[in-house]
Structures are given as C-alpha cells and as structure tokens.
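Participant:
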Amino acid sequence: MLKILPEISRTLSEYLLLPGLTTEDCTPDRVDLGAPLVRHRNGEEPALRIALPLVSAIMQAVSSPTLAVALARAGGLSFVHQNQRVEDQAADVRAVKRHGAEAATSPHASLDPAGRLRVGAGINSRDFADRVPALAEAGADLLCLDSSDGYSVHQARTLAHARETYGEALPVGAGNVVDGRAFRYLADAGAAFVKVGIGGGAICTTRAQKGIGRGQASALIDVVRARDAYAQETGTYVPLCCDGGLLDDAHMTMALAMGADFIMLGRYFARLDESPNPKVELDGRWYKEYWGEGSRRAQNAARYGQRGRMVFEEGVDGYVPYAGGLPEAVARTRAKITSTMISCGSTTLRDFHRDAVLVPVSAESFKQTGAEVRLRRPALTPGG
C-alpha cells in the first residue's frame, strides 16, 4: 500500500534560531566545539574526537593529502577518497601520517596517541576485503563507507567484516540515510557513525535523476530523533554526520543545532588552495574546478555496478569561486559557529543540541533573511 508521509520535505534554509540567555560563561574562549566521531557508551568519552566539527567529503576534487594535513592541523579530519587504486589511497594516508611532528604547535590539531595527524579514508562495499587491510596498515584512524544510499545489506556486510577483523581498533562509519529506519539498521550493524543526507549536495543530481532524497532539515530531525531513542534504549550513542544541504556557514550552525555531531563538506573545501582541483580564471575572476563522484568526469562506473560505462550521472562538473587558504576560511567559520552558540546561551555542542530553539521561516520572512541595498549612496563631489 502506498505510504505518503504527512509532512513537507524541508531544507535548512527554512529555519531560524531563537536567541537564548547569554550568560557570563558564554565567551569565545569557553566555547568547546569538540565532537565525537565514533560510537560510545552514554556518559563515556569516545575513542575518537575532533576539536572542530568539520570533515572533508570523500571526493577526488576535495580530499588530497595536502588538504588532509591542513584540516587536521585546524582540528578537523579528512577522508581520503576511494575512487583510486588501493595502493594509491594507502599512500595518501601514509603521506598524511608522516606530517605528525609538524603539528605539535597547533592548539586544536587532531592527533593520534603517537602524536601524528589523524586521517580518515573512504571505502566501498565491493573491494573492502582488499582495501580495508591496506588502509589499516597505512595508519588510517577512521573509515567511512561512501555511497549515496547506505540503507543496504551491502553496507551491513562490510561493517560486519570490519568489526570481525579489527573490532574497535578501526571504526567504520556508514551512510547515507534520510530517516530513522535506515539509521537504526546501520546502527544495529555496528556503524561507528552515520551520515545523513541524500541529494542535497551542491554538485549532486540524485534527486533530479532518481527522485530519491529528502530535505536536509527533515532528514536530520527524523534521524536525530532515532539516534536519541537508540541511545536511550541501548545505552550507546552513535554520532551523526550532516552531509549535504549546506549552502553557507549559517546552515552548518543550523545542522549542529538540530543535533548533528559533525559536518561533512565538499564545495566548502573544494574552493580552497589546499584542494587538489585546478584553479582557473574565467572572465577576470578565479575559480576552482569541482565535480561530483557521481559525474562522468569521476569515471566511477564501478560504483554503480556498470561495466565500463555510466548509464546515467548523479553529479555534475563545474566551478566554485576561489576562496583562498584553509586556515583563514576555517577560522571564519569557527568564529561564526562560536558566536551563534554564544547568542543561544550554549558553550558545548551537546548543550546546543539540548537547548537550541528553532522556528520555521515563512516565504515572506525568508525574503528578509539577507541584506539588500535599497538606496544608492550619492557620489561625493569635490568640497562637498
């Protein structure tokens, strides 16, 4: 029987945060943006945490060793893309781990117990038996299944293999999902974390091609509810990663307020110096090339089970405006998230999850969200 949910699929743009009480404790130096990366018992510290809740997308145009080093130094984490030979991906992981000693001066750096920079890597549900051991040997701290739709027996089988082989020593995240059913399936299968979002990426065309997906706000609200219920029932907290539907820094803050533990970004990092994609000049302005893993340029037909050619694409090939270096971009984003949390009276992400109050935005209200210049400033005349 046909099922139609009694709700509208909503995006992050359709909500605003209400200010909370800003107390004397709400100062930038006291705001802690630390986030758990892996499942853990309620009330206990997770085995992996990051000081900045930002991770880079598992994409050729984003996660190079250079970007992974820069992001780990800033407190986040990169997932080296898996759309390459196993030995090449393992070499990328080793290249990041060799930069560990240089990070000691960074106050927020993501470091392993040996003082080396942390780095993640993407895997798939086909060649995992070969790829996972190579990445483990190279020193990867965390793995993540890379798929536009993670609600599958294939991901459960991959998670089972990893847990049977490595236990808790090499955690594996899974996804992507857009509802509580899929979250619980992957959580029960042992996912270290679960990624939320289908079709909302800036470079993704899954919704247009297949009619599958959900507005990112609606997906997060549903999955966060399931995550919290799961934690209460089982005593195990499974972190959520918001992946997609993030057009600006305000959307990142909104996703964190809704309950996401950390955020995966593609376009955001693709714009920066440290990404591996070419920088080009068009009509006097600088851009960086950007393409989706579901695009023809990615040449990843094997992801979809075709032999040698892609029947259809789920991503496009384009450009994003160049935005400078990663340290400066991340510092601005950190400052914006911190400032918003202070306005809402929160000093930790867990407090933000608990205390944030959101309100839907009407179409008319949305029109007034951005600044608009209504009057032209008159030109100054000499002596005037």
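Per this note's numbering, the very first residue in the sequence shown carries number 2; after that it's consecutive.
All residues carry an ideal CB built from backbone N, CA and C; glycine is no exception.
Here the structure is a predicted model, which is why all the values come from computation and not from measurement.
#1: In angstroms with no decimal places, state the Cα-to-Cα distance between residue 96 and residue 276.
#2: Under a three-way DSSP split, which group does residue 213 fall into?
#3: With distances taken Cα to Cα, identify the nearest neighbour of residue 272 among 258, 257, 249.
#4: So which of 221, 157, 53 has the shortest CA-CA distance to residue 12?
#5: How would you label residue 361, buried or exposed, when you count the other beta carbons within 10 angstroms and need 16 or more for buried?
#6: Relative to the C-alpha of residue 169, which residue among 39, 353, 351 is closest?
#7: So is residue 217 buried or exposed if we call it buried at 16+ other beta carbons inside 10 Å?
#8: Can the beta-carbon of residue 159 be found less than 7 Å from the beta-carbon of residue 126?
#9: Using 8 Å for Cβ pairs, my map puts residue 140 next to residue 80. What's the rounded Cβ distance?
#10: For the candidate residues 344, 108, 133, 62, whose alpha-carbon lies nearest to that of residue 94?
#11: In its own chain, which residues sit with a C-beta less than 6 Å from the C-beta of residue 307, not counting the 5 before and 5 after it?
#12: Where does residue 305 land, buried or exposed, given buried means 16+ other C-beta within 10 angstroms?
#13: Rounding to the nearest angstrom, what Cα-Cα distance links residue 324 and residue 330 in this structure?
#14: If residue 75 sits next to residue 49, beta carbons under 8 Å apart, how far is it from one beta carbon to the other, in whole angstroms?
#15: Between which two residues does the alpha helix (DSSP H) holding residue 87 run?
#16: State the DSSP-derived secondary structure class of residue 52, mapped to helix, strand or coil.
#17: Cutting at 7 Å between CB atoms, please list the residues of its own chain near residue 42, excluding the five before and the five after it.
#18: Using only alpha-carbon positions, find the residue among 137, 186, 14 that is nearest to residue 364.
#19: Could you say which of 240, 112, 354, 17 lies nearest to residue 258 if we only look at CA atoms?
#20: Give the C-beta separation of residue 232 and residue 190 to the nearest angstrom, bearing in mind that I take them to be a contact with Cβ-Cβ under 8 Å.
#21: Which partner residues of residue 349 appear in the DSSP bridge assignment?
#22: If you count every other CB in all the chains shown that lies within 10 Å of the CB of residue 98, and 16 or more means buried, which is it?
#23: Since residue 239 contacts residue 195 with CB under 8 Å, what's their CB separation in whole angstroms?
#24: At the level of alpha carbons, what is the spacing between residue 234 and residue 281?
#25: Does DSSP classify residue 22 as helix, strand or coil?
#26: Suppose only complete runs of 4+ residues qualify. What are the alpha helix (DSSP H) ranges in the stretch 131-212, listed by chain order?
#27: Throw me the rounded Cβ distance for the residue 247 and residue 228 pair, which I believe falls under 8 Å.
#28: So is residue 309 buried or exposed if we call it buried at 16+ other beta carbons inside 10 Å?
#29: One question on the structure: do residue 188 and residue 173 come within less than 7 Å of each other, judged by their Cβ atoms?
#30: May I ask you to report which of helix, strand or coil DSSP gives residue 335?
#31: For residue 321, is the classification buried or exposed, using 16 other Cβ atoms within 10 angstroms of its Cβ as the cut-off for buried?
#32: With respect to the beta strand (DSSP E) encompassing residue 60, which residues constitute its N-terminal and C-terminal limits?
#33: Please identify the residue among 66, 89, 223 whose C-alpha is closest to the C-alpha of residue 101.
#34: Whole-angstrom Cβ separation of residue 251 and residue 264, contact assumed at under 8 Å?
#35: Let me check understanding here. Comparing Cα to Cα, which of 7, 24, 5 lies closest to residue 343?
#36: Use the C-beta contact count for residue 358: other C-beta atoms within 10 angstroms, 16 or more gives buried, fewer gives exposed.
Facilitator: By the coordinates alone:
#1: Near 15 Å, if we compare the C-alpha coordinates of residue 276 and residue 96.
#2: Shown here, residue 213 sits in coil according to DSSP, grouped into three states, outside any helix or strand.
#3: Cα-wise, what sits closest to residue 272 is 249.
#4: 221
#5: Looking at its Cβ environment, which holds fewer than 16 other Cβ atoms inside 10 Å, residue 361 is exposed.
#6: 39
#7: buried
#8: yes
#9: Taking the Cβ atoms as the reference, residue 140 lies roughly 14 Å from residue 80, outside the contact range of under 8 Å.
#10: 133
#11: In this prediction, residue 307 scores a pLDDT of 43, lower than 50, which makes its location untrustworthy; the coordinate-derived value is nonetheless stated afterwards. So the list is empty, once near-sequence residues are dropped.
#12: Because the pLDDT of residue 305 is 44, which lies under 50, any placement of that residue in the model is unreliable, and the number read from its coordinates should be weighed accordingly. In this structure residue 305 is exposed. Its beta-carbon is surrounded by fewer than 16 other beta-carbon atoms within 10 angstroms.
#13: 8 Å
#14: Rounded, the Cβ-Cβ distance is 16 Å, inconsistent with contact.
#15: Start and end: 87-98.
#16: coil
#17: 236, 237
#18: 14
#19: Closest by C-alpha distance to residue 258, out of 240, 112, 354, 17, is 354.
#20: That belief does not hold up - the Cβ atoms of residue 232 and residue 190 are roughly 16 Å apart, past 8 Å.
#21: 33
#22: Buried, since its Cβ has 16 or more Cβ neighbours within 10 Å.
#23: 6 Å
#24: 52 Å
#25: coil
#26: 154-167, 181-189, 207-211
#27: Not quite, the Cβ-Cβ distance comes to about 19 Å (not below 8 Å), so this is no contact.
#28: In this prediction, residue 309 scores a pLDDT of 47, lower than 50, which makes its location untrustworthy; no coordinate-derived value is stated.
#29: no
#30: Shown here, residue 335 sits in a helix according to DSSP, grouped into three states.
#31: buried
#32: Looking at the DSSP string, residue 60 is not in any beta strand (DSSP E), and its letter there is neither H nor E.
#33: 66
#34: About 12 Å separates the two Cβ atoms, so there is no contact after all.
#35: The shortest C-alpha separation from residue 343 is found at 24.
#36: Exposed.
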